[in-house]
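**Q**
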Ligand SMILES: Cc1cc2nc3c(=O)[nH]c(=O)nc-3n(C[C@H](O)[C@H](O)[C@H](O)COP(=O)(O)OP(=O)(O)OC[C@H]3O[C@@H](n4cnc5c(N)ncnc54)[C@H](O)[C@@H]3O)c2cc1C
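In my numbering, the protein residues as written are 7 to 409.
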């Protein structure tokens with residue numbers, strides 16, 4: 007074989023297609039499971055969030071808690087613009103949602119999986135499933151691969167696109183080739199709050215909240231979702247990604263502070279309360295939220311926890327009551343204990359250390375003719391299509407095989 011790709015996921019297929027285009031039909035994909043493109047198929051709730059409508063390289067790279075610097079270089083060569091064009095050329099149109107996420111217009115991830123399989127097929131890429139690579143033995147000008155159920159395979163070039171692993175031991179076969187492995191930890195998860203005081207508000211979404219982890223420099227703003235087990239939504243998922251290592255170190259036990267109006271500045275919120283009080287002195291506090299950004303049921307809950315009587319009017323609020331509401335609105339603290347995997351999308355932070363990879367080619371700095379692509383690398387993005395974009399971009403460059 008000229009080139010073997012380990013892994014039949016997004017990165018493996020994309021790299022194999024690119025490699026086959028470059029060097030003719032001598033490319034083989036080895037996939038350990040019986041199925042191909044499993045994550046593509048289940049991704050984005052079955053719709054596959056292929057990429058994100060972010061077309062500035064530097065801006066795009068900022069969405070990666072790990073890998074920002076290395077990816078800047080890669081995105082110069084293959085960015086969402088190229089992803090959109092790549093799929094379009096193969097008859098798959100992508101559409102952009104209001105928040106920038108891009109999906110196939112069919113809203114069906116099978117469209118993406120079929121497109122990748124057809125493209126590989128037309129370039130005569132050979133695919134073997136139930137073919138786990140157990141060992142890589144670099145020889146002078148080629149590699150010997152030990153493949154479960156197949157035996158030995160020789161190849162000149164090797165692209166490793168085997169995805170993330172939750173355990174450090176899952177990387178042993180690459181470690182023994184001299185690569186440093188950054189310990190894997192989960193990213194993109196939601197927070198569990200046992201005996202959740204807001205559990206009866208489950209399903210409620212707050213559009214502009216601020217989420218802060220007490221004692222850490224971790225702060226995110228954006229939509230927050232109250233769930234029956236705790237908190238979810240974009241702001242929580244983003245903070246879970248940026249804080250993946252810190253929160254792992256805290257054993258997922260920490261305090262989260264929520265500012266329901268998106269600001270922790272007491273004077274700003276104090277002014278909102280004061281204005282409302284002046285404008286609507288005779289209205290009942292508990293039934294009249296001071297901001298359209300606060301869902302009614304959340305405001306009722308805050309008033310209850312703030313000890314505001316049901317028949318209290320805005321003009322009658324005592325100084326202490328105003329202070330209590332101000333404090334709950336800017337710094338509502340909850341005890342988090344544990345996490346829940348975000349079903350729509352989750353990734354592993356960690357993997358092959360970026361310092362061991364030449365990002366001009368995606369080639370290993372230790373083993374010539376060995377390339378890496380996708381989640382196997384210590385690269386991960388926040389939700390929104392950024393993880394697939396990293397897979398397409400790194401795979402595109404790896405598939406060029408140094409040319
Ligand atoms: C539920 C879910 C939903 C997601 N949704 C989105 C989304 O909408 N948008 C987004 O951007 N990201 C999403 N992601 C993240 C995204 O799916 C991954 O970042 C991406 O699939 C990584 O691609 P990959 O090819 O590097 O790895 P994988 O997709 O993990 O593929 C690696 C493949 O290699 C195979 N393999 C591993 N070891 C060996 C071996 N030794 N020999 C042979 N084969 C091997 C594995 O079986 C696997 O098939 C989601 C993830 C999950 C779990």
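The C-beta atom is built at its ideal place from N, Cα and C for all residues, glycine as well. Just so you know, these numbers come straight off a predicted model, no measurement behind them.
From the DSSP output, read off the bridge partner residues of residue 355.
**A** 191, per the DSSP bridge assignment.
**Q** Ends of the beta strand (DSSP E) at residue 378?
**A** Where residue 378 is concerned, the enclosing beta strand (DSSP E) stretches over 376 to 378.
**Q** With a CB to CB cut of under 8 Å and the five nearest residues on each side skipped, what residues in its chain are close to residue 5?
**A** With the chain covering 7 to 409 only, the question about residue 5 has no answer from this structure.
**Q** Does the distance from the C-beta atom of residue 151 to that of residue 10 stay below 8 Å?
**A** Result yes, Cβ atoms of residue 151 and residue 10 sit closer than 8 Å.
**Q** Do the CB positions of residue 71 and residue 355 come within less than 8 Å of each other?
**A** Contact: yes.
**Q** Is the segment 304 to 322 touching the segment 158 to 174 in the sense that three or more CB pairs, one from each, lie closer than 8 Å?
**A** In short, these stretches do not touch, since the Cβ pair count stays below three.
**Q** Hey, residue 59 and residue 394 are a contact pair by Cβ (cut 8 Å); roughly how many whole angstroms apart?
**A** So it is not a contact: roughly 13 Å between Cβ atoms.
**Q** Let me confirm a value: residue 246 is counted as buried when at least 16 other C-beta atoms fall within 10 Å, else exposed. Which label applies?
**A** Buried, since its Cβ has 16 or more Cβ neighbours within 10 Å.
**Q** Would you tell me roughly how many angstroms separate the C-alpha atoms of residue 159 and residue 380, rounded to the nearest one?
**A** Computed Cα separation, rounded: 23 Å.
**Q** According to DSSP, which residues form a beta bridge with residue 338?
**A** Residue 338 pairs with 264.
**Q** Within 10 Å of its beta-carbon, does residue 250 have 16 or more other beta-carbons around it, so buried, or fewer, so exposed?
**A** Result: buried.
**Q** Answer yes if the segment 30 to 49 comes into contact with the segment 353 to 373, meaning at least three C-beta pairs across the two stretches below 8 Å, and no otherwise.
**A** Verdict: no, contact absent.
**Q** Quick one: any contact between the segment 311 to 326 and the segment 343 to 354, if contact means 3 or more CB pairs under 8 Å?
**A** Flag = no, the segment 311 to 326 and the segment 343 to 354 do not touch.
**Q** Give me, in chain order, the residues of the same chain whose beta-carbon lies closer than 8 Å to that of residue 155; leave out the 5 immediate sequence neighbours on both sides.
**A** The residues are 136, 137 and 138.
**Q** Specify, as a first and last residue, the run of the alpha helix (DSSP H) that residue 50 falls within.
**A** From DSSP, the alpha helix (DSSP H) with residue 50 extends over 44 to 52.
**Q** Buried or exposed, going by whether 16 or more other CB atoms sit within 10 Å of the CB of residue 192?
**A** Residue 192 comes out buried.
**Q** Along the chain, where does the alpha helix (DSSP H) containing residue 438 start, and where does it finish?
**A** Because the chain here runs from 7 to 409, residue 438 falls outside it and cannot be looked at.
**Q** Mind checking residue 368: buried by the 16 CB within 10 Å criterion, or exposed?
**A** Result: buried.
**Q** Whose C-alpha, out of 403, 382 and 399, is nearest the C-alpha of residue 168?
**A** Of 403, 382 and 399, the residue nearest in Cα terms is 382.
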